[in-house]
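A short write-up of the structure that comes next.
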Amino acid sequence: SIKNPPQNPPPRPPAEMRKKIG
Amino acid sequence: GPIILDTYRVIADFEKTSKHEIGLHSGDLVEIVEKNPNGWWFCQLESKRGWVPASYLEPLDGPEEAEDADPDYEGELHVTIQAYKAEQEDEISLELGETVEVIHKLLDGWWVVRKGDETGHFPSMFLQNAGKKDKY
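One line per chain: the protein sequences are B and H, in this order. What the first sequence shows, in this note's numbering, is residues -11 to 10, in sequence order. What the second sequence shows, in this note's numbering, is residues 939 to 1074, in sequence order.
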């Protein structure tokens, strides 16, 4: 069975992959 | 019939930080079992199974294809259920119990939220839907 996901936020994407806001 | 799982390619090395996660190397191919909206996806890699960050994966078929929902510039009201202090310049710091407008629900679990004049990424797992915005 699948355990609950981690309770901490996942790491942000690598810098070059981050989506720009707007 | 057999369940066909989506295959994703790992775009950057990931070092696991708990026993329920699995480590990844750039170029690995993983099969996705569950996509949690908080940005942690349950996947299998050969004989290993565990949670990995969705932000480190791209779909094997059509990596250019946008999977994220479209932004909703009107915003959907949410309340923070945990405080978070920004660590990157494109993030927003919020205290517990603040009401914000979610304008873009990204699959990586870092949603774009607006609070007054400020906009930034915030962990979706620290947000709770507060119902539809009253437009009047």
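For every residue, glycine included, the Cβ atom is placed at its ideal position computed from N, Cα and C.
Extent of the continuous beta strand (DSSP E) run through residue i
i: H/Phe1064; result: Taken as a continuous stretch (DSSP letters only), H/Phe1064 belongs to no beta strand (DSSP E), as it is neither H nor E.
i: H/Arg1052; result: 1048 to 1053
i: H/His1016; result: 1014 to 1018
i: H/Gly988; result: 986 to 991
i: H/Gln1116; result: There is no way to answer for residue 1116 of chain H, as the model of chain H reaches only from 939 to 1074.
i: H/Lys957; result: That residue, H/Lys957, is in no beta strand (DSSP E); it is neither H nor E in DSSP.
i: H/Tyr946; result: 944 to 948
i: B/Pro(-1); result: Looking at the DSSP string, B/Pro(-1) is not in any beta strand (DSSP E), and its letter there is neither H nor E.
i: H/Leu995; result: 995 to 997
i: H/Lys973; result: 967 to 973
i: H/Glu1039; result: 1037 to 1042
Chain D contact for residue i (CB, 7 Å cutoff)
i: H/Pro991; result: Any reference to chain D falls outside this structure, whose protein chains are B and H.
Residue-level contact to chain B via CB, residue i, 7 Å cutoff
i: H/Gly1013; result: no
i: H/Pro975; result: no
i: H/Gly1054; result: no
i: H/Trp978; result: yes
i: H/Pro1061; result: yes
i: H/Gly1047; result: yes
Distance between residue j and residue i (C-alpha atoms, nearest Å)
i: H/Thr1018; j: H/Leu1032; result: 7 Å
i: H/Asp1008; j: H/Gly961; result: 30 Å
i: H/Gly1059; j: B/Pro(-3); result: For the record, residue 1059 of chain H in the displayed sequence is His; it is not Gly. Between H/His1059 and B/Pro(-3), the C-alpha separation is close to 12 Å.
i: H/Asp1028; j: H/Gly939; result: 45 Å
i: H/Cys981; j: H/Ala1068; result: 31 Å
i: H/Glu1012; j: H/Ser985; result: 44 Å
i: H/Glu1005; j: H/Glu1025; result: 26 Å
i: H/Glu1039; j: H/Gln1066; result: 11 Å
i: H/Lys954; j: H/Asp1010; result: 33 Å
i: H/Asn974; j: H/Arg987; result: 15 Å
Requested in this report: Could you name the residues of the region 951 to 964 of chain H whose beta carbon sits closer than 7 Å to any beta carbon of chain B, in the order they occur along the chain?
Outcome: Ser956, His958, Glu959
Report task. Would you list, in chain order, the members of the region 1019 to 1030 of chain H that have their beta-carbon closer than 7 Å to a beta-carbon of chain B? Result -> Gln1026, Asp1028
Report task. Tell me, please, whether the region 1038 to 1051 of chain H touches the region 989 to 996 of chain H by the rule of three or more beta-carbon pairs shorter than 8 Å. Result -> yes
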